[in-house]
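Everything on this sheet refers to the single structure shown next.
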Amino acid sequence: MKMGHEDRDSERPGGKTRYVPAGLAGLAVGGALLLGLVMDGAQPQQTAGSFQLVNEAPNSSIQDALAAPKGVLDVSDTVEKVASSVVGITNIQDGSSVIEQAPSSEGLPAGEGSGVIYKKADGKAYIVTNHHVVAGASQLEVTLSDNTKVPAALVGSDIWTDLAVITISADAAKTPIGFGDSSKLRIGEPVVAIGNPLGLRFAGSATSGIISGIERMIPIDVNEDGTPDFQSEALQTDAAINPGNSGGALVNLNGELVGINSMKISTEAVEGIGLAIPVHRALPVIQELEQSGKVQRPTIGVNLIDLAVIPKAYYTRELGLPADVKDGVVIERSMPGSAAAAAGLQSRDVITALDGQPVTSTSEFRQYLFTEKKAGDTLQVTFYRGAEQRIVRLTLTDNLEM
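Mapping the sequence shown onto the working numbering, position 321 (from 1) lands on 324, and the numbers just tick up by one.
Rendered as structure tokens:
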């Protein structure tokens, strides 16, 4: 999966914008994105299969940082507190050779990203990272903060949210990080990004900045066809995020994880725009990956095409649409046995609204289903069959069943 397609410039007012995954330094593994704790003392507590968000009042670490001389933000205590929770992840694929492979543009021969230890339970330490960091791996290796290398196992991965969970032996891991409440972040709040920019030779690098924006909706091109398939929510920060940082930690000054570093915007006219998956969006995905290794999402069981990519000459001639219908998604195929087929939806029907909410693209269609609905819910679909507007109601099914 690629966020806005790594090798594709997407037009934006005033120039071209490139959403570049801050992913594997070295071996190219496509990817992007658009996210239980065991801590001692005042840190958040975790029980098996449950997660808690924490939002502690500012503590002495924040006060000390803000009181640094000459207005310089001192984040050394924050970094020291969480550095051992951030690890390096090496993606090893069949047929790849670190010795024989020529160095990449970053001078690194192997695929390397970052991850964050967030829980220890049942003899395992759990690490959250990006899907694109682990995609295609035949083996995974974790490098701890003391440079110890240990084998890792994939628990589950989700291409849509660009999140993955892996495990190592609990004996090898140190204190897991605590999760903060990213839903309460404010623009201007200080944060620190920790990870492995350009790979393990710069392991444990820390950069500081602020939250520059919240609830940024970023296009995701899952099948790499040049058309966004989904919109993912991200945090924007000016803390430097570079290749190899993917899966690393974005923390507040309490040392709580508030984001999973994922990508940056790369263009000549832009500097200092990094993006991270907010933790409050990541937690449900992390938990589901732990439990089943996959994320279940609602579906109606159709293949869709954006109406906007079809030449307008076909709107009337092929689809029979009224002149005032200019936005929507066209059903290319309704899968046998699907909720759509049971409701009578068929090829060339043009869906214009879900539950009365206008839908102009496949990414908006999926955004609504993935964020507002679940399997078993009823969905009202407004569509056109030729010039006639129709409405049907159907029961959403689980995408894993299709």
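Glycine included, every Cβ here is placed at the ideal spot set by N, Cα and C.
Review point. According to the Cβ coordinates, are P325 and A390 closer than 8 Å?
Key: The answer is yes: Cβ separation under 8 Å.
**Study point:** Cα-Cα separation between M42 and T178, rounded to whole angstroms
**Key:** Residue confidence for M42 is low, a pLDDT of 25 falling below 50, so the modelled location carries little weight and cannot support an answer.
Practice item. Tell me whether N402 sits in a helix, a strand or coil according to DSSP, three-state version. Key: Three-state result, N402: helix.
Exercise for review: Answer yes if the region 337-351 comes into contact with the region 295-305, meaning at least three C-beta pairs across the two stretches below 8 Å, and no otherwise.
Suggested key: By the criterion of at least three beta-carbon pairs nearer than 8 Å, the region 295-305 is in contact with the region 337-351.
**Study point:** S117 and G91 closer than 8 Å at C-beta
**Key:** Annotated as proximal: S117 and G91, with beta-carbon spacing under 8 Å.
Exercise for review: Would you mind listing the beta strand (DSSP E) stretches within the region 222-273 that are 3+ residues and don't spill past its ends, in chain order?
Suggested key: Qualifying beta strand (DSSP E) stretches, in chain order: 233-240, 252-254 and 259-268.
Exercise for review: Could you have a look at A105 and say whether DSSP puts it in helix, strand or coil?
Suggested key: A caution first: A105 carries a pLDDT of 46, below 50, which makes its placement in the model unreliable, though a value can still be read off. Here A105 sits in coil by DSSP.
Practice item. Assign V82 to one of three DSSP states: helix, strand, or coil. Key: V82: helix per DSSP, three-state reduction.
Check your understanding: If you check the beta carbons only, do V153 and V145 fall under 8 Å apart?
Key -> In terms of Cβ geometry, V153 and V145 form a close pair [threshold 8 Å].
Exercise for review: Starting from T365, follow the beta strand (DSSP E) in both directions and report where the run begins and ends.
Suggested key: No beta strand (DSSP E) contains T365, which is instead part of the alpha helix (DSSP H) from T365 to E375.
**Study point:** Own chain partners of G379 with C-beta closer than 7 Å, once the 5 adjacent residues on each side are dropped
**Key:** Result list for G379: T398 and L399, in chain order.
Practice item. Tell me where the beta strand (DSSP E) around S350 begins and ends. Key: Annotation for S350: no beta strand (DSSP E) segment contains it, and DSSP assigns it neither H nor E.
Review point. What's the C-alpha gap between K127 and I169?
Key: About 10 Å.
**Study point:** At least 3 beta-carbon pairs within less than 8 Å: the region 304-319 vs the region 328-335
**Key:** Counting Cβ pairs under 8 Å, three or more are found: they touch.
Check your understanding: Okay, do the region 225-238 and the region 361-370 touch, 3+ Cβ pairs below 8 Å being the bar?
Key -> Touching, yes.
Review point. What is the DSSP secondary structure of A155, counted as helix, strand or coil?
Key: Here A155 carries a strand assignment [DSSP, helix/strand/coil].
Practice item. Give the straight-line distance between the Cα atoms of Q96 and A156, rounded to the nearest whole angstrom. Key: Cα to Cα, the separation comes out at about 14 Å.
Point to revise | Local conformation of V288 per DSSP, three classes | key: The answer is helix: DSSP assigns V288 an H, G or I state.
Check your understanding: How should Q239 be labelled, buried or exposed, when 16 other C-beta atoms within 10 angstroms of its C-beta is the threshold for buried?
Key -> Buried: at least 16 other Cβ atoms inside 10 Å.
Check your understanding: Can the beta-carbon of R181 be found less than 8 Å from the beta-carbon of E259?
Key -> Here the sequence assigns Gly to residue 181, which means Arg is not the residue at that position. In this structure, G181 places its C-beta atom within 8 Å of the C-beta atom of E259.
Point to revise | Rounded separation between G247 and V288 - CA only | key: Between the alpha carbons of G247 and V288 lies a gap of roughly 22 Å.
Check your understanding: Using the beta-carbon count (16 or more within 10 Å), is M220 buried or exposed?
Key -> So M220 ends up on the exposed side.
**Study point:** Separation of N150 from E375, as counted between CA atoms
**Key:** Inter-residue distance for E375 and N150 is about 43 Å (C-alpha atoms, whole angstroms).
Practice item. For Q383, I'd like the list of residues in its chain whose CB is within less than 6 Å of its CB, leaving aside the five on either flank, ordered along the chain. Key: For Q383, where only same-chain residues beyond five positions count, the Cβ hits under 6 Å are D358 and R396.
**Study point:** Spatial distance of I217 from N264 (CA atoms)
**Key:** Going by the C-alpha atoms only, they are around 14 Å apart.
Check your understanding: Alpha carbon to alpha carbon, how far is A285 from A167?
Key -> Here the alpha carbons of A167 and A285 stand approximately 10 Å from one another.
Point to revise | Proximity to A279 [Cα-Cα], best of V254, V298 and G347 | key: For A279, the closest C-alpha among the options V254, V298 and G347 is that of V254.
Exercise for review: Can you tell me which of the three DSSP states D174 falls into?
Suggested key: Assigned with DSSP and collapsed to three states, D174 falls in helix.
Point to revise | Outcome for E335 when other beta-carbon atoms lying within 10 angstroms are tallied against a minimum of 16 | key: E335 comes out exposed.
**Study point:** Where L307 sits in the DSSP three-state scheme
**Key:** L307: strand per DSSP, three-state reduction.
Check your understanding: With burial defined as no fewer than 16 other Cβ atoms inside 10 Å of the residue's Cβ, what is the status of S160: buried or exposed?
Key -> Residue environment analysis places S160 among the buried positions, since at least 16 neighbouring C-beta atoms fall within 10 angstroms of its C-beta.
Review point. Quick one: Cα of F386 to Cα of P361, how far?
Key: Within the model, the alpha-carbon separation for F386 versus P361 is close to 11 Å.
Review point. What is the DSSP secondary structure of K315, reduced to helix, strand or coil?
Key: Coil at K315, not helix or strand.
Review point. For the alpha helix (DSSP H) that contains V362, what are its first and last residues?
Key: Premise fails: V362 is in no alpha helix (DSSP H) and is neither H nor E.
Review point. CB-CB under 6 Å to L307, same chain, minus the five flanking residues each way: which ones, in chain order?
Key: The beta carbon of L307 sits closer than 6 Å to those of V332 and T365, all from its chain and outside the five residues before and after it, given in chain order.
Point to revise | Assigned exposure category for N245 - 16 Cβ within 10 Å defines buried | key: Residue burial annotation: N245 is buried, with at least 16 other C-beta atoms found within 10 angstroms of its C-beta.
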